[in-house]
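Number of protein chains: 2
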Amino acid sequence: MSDTAVLALDWGTTRLRAFRMSEDGTILERRDAPAGIRAIEDGDFEDAFHTVVGDWLTAAAEPAPLIVLGGMIGSRQGWFEAPYVPCPANPENLADHAIAAKTESGHALWIAPGLSLSEESRADVMRGEELQIFGALDQLGPGKHLLCLPGTHSKWALLDDGIIRDFRTYMTGELFDVLRRHSILGTTIEHAVWSDAGFAKGLAAGRSEAGLLAHLFTVRAGTLLETLPVEESGAFLSGLLIGSEVASATRDLAKGSEVCIIGNPDLTDLYTPALSQHGIRCRQLGEYTGAHGLFRLATGLRKRR
Amino acid sequence: MSDTAVLALDWGTTRLRAFRMSEDGTILERRDAPAGIRAIEDGDFEDAFHTVVGDWLTAAAEPAPLIVLGGMIGSRQGWFEAPYVPCPANPENLADHAIAAKTESGHALWIAPGLSLSEESRADVMRGEELQIFGALDQLGPGKHLLCLPGTHSKWALLDDGIIRDFRTYMTGELFDVLRRHSILGTTIEHAVWSDAGFAKGLAAGRSEAGLLAHLFTVRAGTLLETLPVEESGAFLSGLLIGSEVASATRDLAKGSEVCIIGNPDLTDLYTPALSQHGIRCRQLGEYTGAHGLFRLATGLRKRR
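Spelled out as structure tokens, the structure:
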């Protein structure tokens, strides 16, 4: 084993992704464990850390690699808390506010902060997605870009010459899930299968975001009145929510002609037609770009060391 | 006991309200039982019917009173199904489409239909609320009126010279409930109390309905960043949802200067400030007006008999 310059850990709520990287940012080895912070018993992050990367630490030559941790591990529920940095922010701002910590075994760590945004009537936070966004900077180049990271809590961010200027969190995935599992709509949706037709109808209903609260009830009323086939109802709800999210984000953050998307193709593929109904192109940046973001942070941290 | 001309039953999902009425519509006696259709075991509606109004039937003089049932009892999950009548509709249309049925004990019944609305991308239904709306016709008089019946599924209806022209269902109450009990927002809200300040902030955030999906996350992010006190978070979510409902309904159904509201004051009082931020007056028609609507239906049914 040679050349370990950086150990980068993206330690989220459900997963821990670890990367052994060279001086120039090449990923030499990667690991992915279901050891998210919610899965760690009794807060024993030290043990989980050594289980996943202990052998990398033992084998690394001098000088000791720089170790950087990002994601929910820096939250109040995590190992060491790294307070949020207010937007606008670039990778250097993140490095400036990273927290220096030390494991019980004596290894020095850096913990990345999250990003925050406070407006009069709206507040927002992210932890982890900013590393994916900064990890895509080389692909994106300078200028303005609108980014989307779909998921349980979809994140949209406005990037301007490498600076995250503004962002929004949409509870799209979680809302779909709680409505499906716990609302009156669930008894309809449980009989649904995936349906492109249902999804397209939902997208059309969510096209303007207006009346979302009323459109939700269409899932029930439409199936009762047989204007919406029961088997299409789940995809309709998915289309309604994603359509509303896209309408809201592209209106509030930026009215560009392209949205850059990072995420699993199963999910990101749903955003292509949602964007297309607003005449917006969808550019796929990859399934995961967080390792590069952590490396960029490590580069900034070297200057602090 | 004298003068029983009409027995009117508003039989909903959770409650059964029964009224013994005279020839001129005066309520001689009323009963309210937690015997909603969801509480009836093995579909034994016959038994519940006799438990609640059996003595009224026995004591009634000839000619036998006209018996009319409205609400979810006429749904597919109810006793006798009365299919939906499409909007626009007035009380005579409801009477024309009521279903004649007979109990096992030989009593003739009328079952009121519900109302439906099918548009290209939106479908809606109501069962029971239309009886409350028609029950308020004498109070309202002719002309156009926008009505609101807040609740788990809030109903808004546009009434024009006694005809329901259009309506919308907003899943406001249910959405609040599933988010509070089953989403990530619940862990914040469980520490909340009622807060006028939080409610006002939520109303302001929901004022335009735009960005509802993003504003939801403020409940979590605002409390993390301490821009929203945790104790205000529940009222903030309530204000956000009610504010969005009011913005959507008053935009989509009618831009009048007054909304007429029927419902429990604990709930309807929340709509006064929500309407007031749009410069709309709130007129309270009473907590419950369904008995008068059922009597109006009975009047129409006499002509069919």
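Protein sequence lines, in the order shown, are assigned to chains P and R.
First residue of the first sequence? That's 4 in my numbering, and the numbers climb one at a time after it.
First residue of the second sequence? That's 4 in my numbering, and the numbers climb one at a time after it.
Beta carbons are placed, not taken as given, at the ideal position from N, Cα and C, and that holds for glycine.
The residue among P/Pro94, P/Gly15, P/Arg33, P/Asp6 with its C-alpha nearest the C-alpha of P/Glu65 is P/Asp6. For P/Ser186, the neighbours in chain R by C-beta distance under 8 Å run, in chain order, Met174, Glu177, Leu178, Val181. Excluding five sequence positions before and after P/Trp14, the CB atoms of its chain that fall closer than 6 Å to its own CB belong to Leu72, Gly74, Ile76, given in chain order. Listed along chain R are Ala126, each with a C-beta nearer than 7 Å to that of P/Gly225. With distances taken between CA atoms, R/Ala38 lies nearest to R/Val55 out of R/Ala126, R/Lys258, R/Val55, R/Arg130.
Scanning chain R for C-beta atoms nearer than 8 Å to the C-beta of P/Glu248 yields Leu216, reported in chain order.
Listed in chain order, the alpha helix (DSSP H) elements of length 4 or more contained wholly in the region 14-94 of chain R are 48-62. Contact of P/Ser251 with chain R by beta-carbon distance below 9 Å involves Ala213, Gly214, Leu215, Leu216, Ala217.
R/Gln142 sits in a helix when the DSSP states are folded into three classes.
When rounded, the separation of the alpha-carbon atoms in R/Leu31 and R/Phe298 is 13 Å. Under the Cβ distance rule, R/Leu270 does not count among the residues neighbouring chain P, no pair being separated by less than 7 Å. Runs of the alpha helix (DSSP H) spanning 4 or more residues and lying entirely within the region 182-267 of chain P occur at 189-192, 199-208, 215-219, 221-227, 236-255, in chain order.
Two segments are said to touch when three or more pairs of C-beta atoms, one from each, lie closer than 8 Å; by this definition the region 214-222 of chain R touches the region 168-176 of chain P. Around the beta carbon of P/Val196, fewer than 16 other beta carbons lie within 10 angstroms, which makes this residue exposed. Think of a sphere of 8 Å around the beta carbon of R/Lys204: the chain P residues whose beta carbon falls inside it are Ser124, in chain order.
Around the Cβ of P/His194, a 10 Å sphere holds fewer than 16 other Cβ atoms; the residue is exposed. Rounded to whole angstroms, the Cβ separation of R/Pro153 and R/Gly266 is 5 Å, and the two are in contact under 8 Å.
For R/Thr106, there is no enclosing beta strand (DSSP E), as DSSP gives it neither H nor E.
Under the 8 Å Cβ criterion, the region 156-172 of chain P does not count as touching the region 39-55 of chain P, having fewer than three qualifying pairs. Within the model, the alpha-carbon separation for P/Asp199 versus R/Ser124 is close to 15 Å.
Proximity of the region 96-116 of chain P to the region 247-258 of chain P falls short of the contact definition, fewer than three beta-carbon pairs being nearer than 8 Å. Around the beta carbon of R/Ala42, a 10 Å sphere encloses fewer than 16 other beta carbons of the protein chains shown; the residue is thus reported as exposed. Secondary structure of R/Ile136 (DSSP, three-state): helix. Within the same chain, and ignoring the five residues on either side of P/Gly303 in sequence, the residues whose Cβ sits closer than 6 Å to its Cβ are Pro94, Glu95, Ala98. In this structure, the alpha-carbon of P/Gln280 lies about 23 Å from that of P/Gly225. In summary, P/Ala277 is buried, with 16 or more beta-carbon neighbours lying within 10 Å of its beta-carbon over all protein chains present. Not a single CB atom of chain P sits nearer than 7 Å to the CB of R/Leu273. Under the DSSP assignment, R/Arg305 falls in the alpha helix (DSSP H) whose first and last residues are 293-307. Of R/Phe220, R/Glu26, R/Arg284, the smallest CA-CA separation from P/Leu178 is found for R/Phe220.
In the structure shown, the three-state DSSP call for R/Ala160 is strand. The C-alpha of P/His295 lies about 14 Å from the C-alpha of P/Ala115. Sequence-ordered contacts of the region 151-173 of chain P with chain R read His156, Arg171, Thr172, Tyr173 [C-beta pairs closer than 8 Å]. Any Cβ of chain P closer than 7 Å to the Cβ of R/Thr221 would place that residue at the interface, and such an atom is present. Here R/Ser251 is near R/Glu212, since their CB atoms are less than 7 Å apart. Where R/Gln287 is concerned, the enclosing beta strand (DSSP E) starts and stops at 284-289. Here R/Thr172 carries a strand assignment [DSSP, helix/strand/coil].
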